[in-house]
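Enquirer: First the structure, then my questions, so here it is.
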Amino acid sequence: MTETTHGLFVSFEGIDGSGKSTQARRLGAALEAAGRDVVLTREPGGSPGAEEIRRLVLEGDPDRWSAETEILLFTAARRDHLERTIAPALAAGKVVVCDRFADSTRVYQGVSRGDLRGRVDRLHAEMIGREPDLTILIDMDPGQGLSRALGRQGTEERFESFGEGLQHKMRDAFLALAREFPARFRVIDGNRDIDAVATDVLAAVETELA
Ligand code: ADP
Ligand code: TYD
Numbered sequence: 000m001t002e003t004t005h006g007l008f009v010s011f012e013g014i015d016g017s018g019k020s021t022q023a024r025r026l027g028a029a030l031e032a033a034g035r036d037v038v039l040t041r042e043p044g045g046s047p048g049a050e051e052i053r054r055l056v057l058e059g060d061p062d063r064w065s066a067e068t069e070i071l072l073f074t075a076a077r078r079d080h081l082e083r084t085i086a087p088a089l090a091a092g093k094v095v096v097c098d099r100f101a102d103s104t105r106v107y108q109g110v111s112r113g114d115l116r117g118r119v120d121r122l123h124a125e126m127i128g129r130e131p132d133l134t135i136l137i138d139m140d141p142g143q144g145l146s147r148a149l150g151r152q153g154t155e156e157r158f159e160s161f162g163e164g165l166q167h168k169m170r171d172a173f174l175a176l177a178r179e180f181p182a183r184f185r186v187i188d189g190n191r192d193i194d195a196v197a198t199d200v201l202a203a204v205e206t207e208l209a
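In this text, residue positions in the sequence shown follow numbering that gives the first Met the number 0: the first is 0, and each later residue adds one.
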């Protein structure tokens, strides 16, 4: 997919319950209040086809899919999301705020069940071929993140039911990605109240827009 030079593509990453969705909504509202055109979206999902794939991957037995099959499903969803939602919005000069993107596949499918990072990256290079301009990593204590996430009581618990040990591993993997891609990552401490986190998020995005 060709790189677009318009708009700004911001992703939120972090473990389950770290506050990504809350902060993505807050950021979207703040940017709209400042007169920007914003598209608030999420993965897996963000287009009708990708939302159908979301149900396949997030509901049901934790052993329903192998890690390799998940890489294919998440990448298929992402390709559709990119083609139909993200790329057109960026081409129209909008700010795209996306709750999770390819870094989640690098972490969840790339390290949780063996080292599959090479496969994730090869498929990404072939089928997606672009990264966000800015990635906000909401860093968070895994115990607190898990209790927040389980407190939501939804049906999409396939990953959350993997438990706290895995959440520690995922947090470390996100921090390692931030060190690997320092130009686009900003790490923000999520163990604070919503307003304090939102202030730091907005400052990071405004710096990028300036
Ligand atoms: P994520 O999208 O990362 O899984 P959410 O934004 O859905 O996280 O937040 C998970 C839960 O924690 C929600 O019930 C939300 O209201 C709450 N929450 C989010 N941020 C904070 C915060 N900074 N302090 C306390 N609770 C929070
Ligand atoms: P999400 O709805 O963001 O969950 P949460 O709000 O609890 O953080 O994402 C759902 C789950 O999907 C989450 O546990 C992470 C997982 N996931 C992957 O495993 N790979 C991916 O590529 C993506 C985008 C998400």
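C-beta atoms are modelled at their ideal positions from N, C-alpha and C, and glycine is treated no differently.
In terms of residues, what are the limits of the alpha helix (DSSP H) holding ASP171?
Expert: Segment 163-179, the alpha helix (DSSP H) holding ASP171.
Enquirer: Throw me the rounded Cβ distance for the ALA101 and ARG77 pair, which I believe falls under 8 angstroms.
Expert: The Cβ separation is near 7 angstroms, so the contact holds.
Enquirer: Per DSSP, what kind of secondary structure is ASP15 in: helix, strand or coil?
Expert: Of the three classes helix, strand and coil, the one that applies to ASP15 here is coil, per DSSP.
Enquirer: Applying the 10 Å Cβ sphere with the 16-neighbour rule, what's the burial state of PRO61?
Expert: Per the 10 Å Cβ criterion, exposed.
Enquirer: Kindly list the residues whose CB is nearer than 7 angstroms to the CB of ARG116, restricted to its own chain and excluding five residues on each side of it in sequence; keep chain order.
Expert: Contacts found: ARG105, GLY109 and VAL110.
Enquirer: Below 8 angstroms, can you find three or more Cβ-Cβ pairs linking the stretch 119-129 to the stretch 140-154?
Expert: The stretch 119-129 is not in contact with the stretch 140-154.
Enquirer: Nearer than 7 angstroms: is that true of the beta carbon of ARG118 relative to any heavy atom of the ligand TYD?
Expert: Every heavy atom of the ligand TYD is 7 angstroms or more from the Cβ of ARG118, so no.
Enquirer: Run through DSSP, which three-state label would SER10 get?
Expert: Correct three-state label for SER10: strand.
Enquirer: If we ignore side chains and look at the alpha-carbon of each, how far apart do THR3 and VAL96 end up?
Expert: Low local confidence applies: a pLDDT of 41 at THR3 is under 50, so the model's placement there is unreliable, with the coordinate-based value given in what follows. Cα to Cα, the separation comes out at about 16 angstroms.
Enquirer: For ILE127, which of helix, strand or coil comes out of DSSP?
Expert: Here ILE127 sits in coil by DSSP.
Enquirer: How is the beta strand (DSSP E) around ILE85 delimited, first residue to last?
Expert: Run containing ILE85: none; DSSP gives neither H nor E here.
Enquirer: Since ARG112 is in the alpha helix (DSSP H), which residue starts that stretch and which ends it?
Expert: Careful: ARG112 lies outside any alpha helix (DSSP H) and carries neither H nor E.
Enquirer: Within 10 Å of its beta-carbon, does THR1 have 16 or more other beta-carbons around it, so buried, or fewer, so exposed?
Expert: Reliability fails at THR1, whose pLDDT of 47 lies under 50, so the model's placement of it is uncertain and no value is given.
Enquirer: Apart from the five residues just before and just after ILE70, which ones in its own chain have a Cβ nearer than 7 angstroms to its Cβ?
Expert: The answer, listed in chain order, is THR104, GLN108, LEU115, ARG118, VAL119 and LEU122.
Enquirer: Heavy atom of the ligand TYD less than 7 angstroms from the Cβ of THR104, yes or no?
Expert: THR104: yes, Cβ under 7 angstroms from the ligand TYD.
Enquirer: Between the Cα of ASP36 and the Cα atoms of GLY44, GLY45 and PHE8, which residue gives the shortest distance?
Expert: The shortest C-alpha separation from ASP36 is found at PHE8.
Enquirer: Residues around the ligand ADP, please: the ones whose beta-carbon is closer than 7 angstroms to some heavy atom of it, in chain order.
Expert: Working through the chain, the matches are GLY13, ASP15, GLY16, SER17, GLY18, LYS19, SER20, THR21, GLN22, ASP98, ILE137, ARG147, ALA148, GLY150, ARG151, GLY189, ARG191, ASP192, ILE193 and VAL196.
Enquirer: Does the contact criterion of 3 or more C-beta pairs under 8 angstroms hold for the stretch 130-138 versus the stretch 183-194?
Expert: Result yes; three or more Cβ-Cβ pairs closer than 8 angstroms.
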